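Undergrad: Residue numbers (full-length UniProt numbering): 1 to 516.
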């Protein structure tokens, strides 16, 4: 990730040394700046001295990347990087554990190798790989303190991820003075990359996003980027509303200290490694855990999770490992589009993968209100989202049919019969059923035609060992989407072939449901 380096490329104004104490929200100095123009002018002068131009490839903190000669990451005394992450953690309370940090080369020689957590000894199912004390876990509780969480979150303007990203950016400005310096440096080394060394599409160029042409993922990336921009635009408002959320940085109004590009890259870096803890308070549910992702590899068929226990976050392994093998954890029930967006990878064996088909009753239909009432009575909405899960495409098509048939009802007497019936049963004539199935067939064909490549071409591309990693994960994603769409199309064609008379013409449908 290309993020401007602040530490080391300009002279910073003196900043109070940060510890890992909760930050107070008691200061009102920011309001004073608004009321006193001369004071505000002084703030602007100081802020200008704090800003630097983009000149480094760091995500959150500056520094030169060391390259150990062997694959195990070791501390190198006397170098300007300081101690490695694991040594720093042991020094600050990490008990003995059964993992070590190793590295694999990046596909891009300009980038540092990828670090990953591996077993330091043979592990059995149920072994505790590591237990990180809460003092080494970054949460909103630690950043802001309990009493301030509600004030931040009830504004509905700043998400937990944005707050954590902002905190780490402020800590970055303190360089080695920050308690979190070794952890932030490790995040910088990873550059928001997953274990496949691919950044989130949120950081791809327009040319790289073209790899996703035809996929709903492309619009999802654009929508998420717009959401991050809205959060960035609210940073100053939240900062002032809270009377300086970050009292330790009273002269650094967020949008003047950090450009949107810096914030977006920091946000994506945090997004790639944040852990969603279960059965904890609101202030602790999103956590940044050293030794957690992205140093851990995600897997959709894994059961191991980072879990909050008394005073720590621990990982209990769900399988046996040989010494040196990479440790994996469960990524949650996420489709591949989310895995790529959040973590930069696609899982070919993801049983949670799915597509979305959106159907809507035609609002111009004179019987729209009656149909909407019937749909709601049967647990559906006037705009209904159907999830097509991998391996269950036939069931998904069957689930759509009653809703679509309802949209095709045109005779008022038939509509009254539907209203008085108990269940999602519509009178189905041969021509109506053919019309419904034809609409579905055309819809799936249209979606497939939107991709610039065929399934066969995707398979050929993936067989190329020199394929660009971003294009590789994008091709994996669109290939899996196409497979689901082809399965849906085949299920629909099979239903057409089962009709008693396939010569029946489809009924005219002036108010057919809309498919998106």
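From the three backbone atoms N, C-alpha and C, an ideal C-beta is built for every residue, glycine too.
Remember, it's a predicted structure, so these values are computed and weren't measured experimentally.
Determine, using beta carbons only, whether residue 336 and residue 329 come nearer to each other than 8 Å.
TA: Cβ distance not < 8 Å, so residue 336 and residue 329 don't count as in contact.
Undergrad: Evaluate contact between the stretch 166 to 173 and the stretch 90 to 102, counting only Cβ atoms and requiring at least three cross-stretch pairs below 8 Å.
TA: Counting Cβ pairs under 8 Å, fewer than three are found: no touch.
Undergrad: Touching or not, the stretch 356 to 366 and the stretch 307 to 319, by the rule of three or more beta carbon pairs under 8 Å?
TA: Cβ pair count under 8 Å is below three, so no.
Undergrad: Among the residues of its own chain, which have a CB less than 7 Å from the CB of residue 123, if the five just before and after it don't count?
TA: If we look at residue 123 and ignore the five residues flanking it on each side, its Cβ neighbours are 98, 129, 317, 320, 321.
Undergrad: Pick out the complete alpha helix (DSSP H) segments inside the stretch 154 to 227, 4 residues or longer, and give them in chain order.
TA: Segments of the alpha helix (DSSP H) lying fully in the stretch 154 to 227: 160 to 173, 181 to 190, 206 to 209.
Undergrad: Quick one: measure Cβ to Cβ for residue 413 and residue 342, integer angstroms, because I've assumed they're closer than 8 Å.
TA: Rounded, the Cβ-Cβ distance is 51 Å, inconsistent with contact.
Undergrad: Verify whether the separation of the beta carbon atoms of residue 481 and residue 306 is less than 8 Å.
TA: Result no, Cβ atoms of residue 481 and residue 306 do not sit closer than 8 Å.
Undergrad: Under 8 Å, do residue 473 and residue 332 count as touching if we go by C-beta distance?
TA: Not a contact, by the Cβ cut-off of 8 Å.
Undergrad: Under three-state DSSP, which class holds residue 141?
TA: Three-state result, residue 141: helix.
Undergrad: Which stretch, first to last residue, makes up the beta strand (DSSP E) that contains residue 116?
TA: Segment 114 to 119, the beta strand (DSSP E) holding residue 116.
Undergrad: I believe residue 290 touches residue 275 by the beta-carbon criterion, under 8 Å. Please report the beta-carbon distance rounded to the nearest angstrom.
TA: With a Cβ gap of about 11 Å, residue 290 and residue 275 do not count as contacting.
Undergrad: If you draw a straight line from the alpha carbon of residue 508 to that of residue 484, how long is it in whole angstroms?
TA: When rounded, the distance between both Cα atoms is 29 Å.
Undergrad: With a threshold of 7 Å on Cβ separation, who are the neighbours of residue 162 within its own chain once the five nearest residues in sequence on each side are excluded?
TA: Closer than 7 Å at Cβ, skipping near neighbours: 231, 267.
Undergrad: In the structure shown, what three-state DSSP assignment does residue 307 receive?
TA: Residue state, collapsed to three classes: strand.
Undergrad: Between residue 257 and residue 171, what straight-line distance do the alpha-carbon atoms span, to the nearest angstrom?
TA: Their Cα atoms are separated by approximately 12 Å.
Undergrad: Would residue 118 and residue 100 be called neighbours here (beta carbons separated by less than 8 Å)?
TA: Against a cut-off of 8 Å, the Cβ pair of residue 100 and residue 118 comes out as a contact.
Undergrad: If we define contact as Cβ-Cβ less than 8 Å, is residue 292 a contact residue for chain B?
TA: The chain inventory of the structure shown lacks chain B, comprising one protein chain alone.
Undergrad: Could you work out which residue in 185, 369, 180 is closest to residue 112 when comparing CA atoms only?
TA: Nearest of 185, 369, 180 to residue 112, Cα basis: 185.
Undergrad: Using a threshold of 8 Å, state whether the C-beta atoms of residue 402 and residue 500 are closer than that.
TA: Not closer than 8 Å, so no.
Undergrad: Leaving out the 5 sequence neighbours to the left and right, which residues in its chain are closer than 6 Å to residue 350 when beta-carbon positions are compared?
TA: Closer than 6 Å at Cβ, skipping near neighbours: 300, 336.
Undergrad: Reducing DSSP to helix, strand and coil, say where residue 258 ends up.
TA: It is coil, neither helix nor strand.
Undergrad: From the DSSP secondary-structure annotation, give me the bridge partner or partners of residue 387.
TA: Bridge partners of residue 387: 356.
Undergrad: Which residue or residues does DSSP assign as beta-bridge partners of residue 133?
TA: For residue 133, which the question treats as bridged, DSSP gives the partners 312.
Undergrad: I need the straight-line Cα distance from residue 458 to residue 388, nearest angstrom please.
TA: Straight-line Cα distance between these residues: approximately 21 Å.
Undergrad: Put residue 87 into one of helix, strand or coil per three-state DSSP.
TA: Of the three classes helix, strand and coil, the one that applies to residue 87 here is helix, per DSSP.
Undergrad: If you scan the stretch 446 to 505 from start to end, which runs of the alpha helix (DSSP H) of 4 or more residues do you find wholly inside it?
TA: Runs of the alpha helix (DSSP H) inside the stretch 446 to 505: 455 to 462, 469 to 497.
Undergrad: Measure from the alpha carbon of residue 106 to the alpha carbon of each residue in 392, 464, 191, then state which is nearest.
TA: Comparing Cα-Cα distances from residue 106 to each of 392, 464, 191, the minimum goes to 191.
Undergrad: Measure the alpha-carbon distance for residue 137 versus residue 131 and round it to whole angstroms.
TA: Taking the straight line joining both Cα atoms gives about 11 Å.
Undergrad: What separation, rounded to the nearest whole angstrom, lies between the Cα atoms of residue 218 and residue 420?
TA: Rounded to whole angstroms, residue 218 to residue 420 spans 43 Å at the Cα level.
Undergrad: If the criterion is Cβ atoms closer than 8 Å, does the pair residue 477 and residue 277 meet it?
TA: No.
Undergrad: List the DSSP bridge partners of residue 103.
TA: Beta-bridge pairing links residue 103 to 115.
Undergrad: Determine the direct distance from the alpha carbon of residue 265 to that of residue 225, and round the result to whole angstroms.
TA: For residue 225 and residue 265, the distance between alpha carbons rounds to 11 Å.
Undergrad: So, under 8 Å CB-CB, residue 454 and residue 211 are touching, yes? Tell me the CB distance rounded to an integer number of Å.
TA: Wrong, their Cβ atoms sit about 15 Å apart, outside the cutoff.
Undergrad: Opposite residue 328 in the DSSP bridges: which residues?
TA: According to DSSP, residue 328 bridges with 297.
Undergrad: Alpha carbon to alpha carbon, how far is residue 451 from residue 378? Give it in angstroms, no decimals.
TA: Their backbone Cα atoms lie some 35 Å apart in a straight line.
Undergrad: Just to confirm my understanding: we take residue 120, look at its own chain, exclude 5 residues before and 5 after, and list those with CB closer than 6 Å. What are they?
TA: Excluding residues within five positions, the ones whose Cβ falls inside 6 Å are 98, 99, 100.
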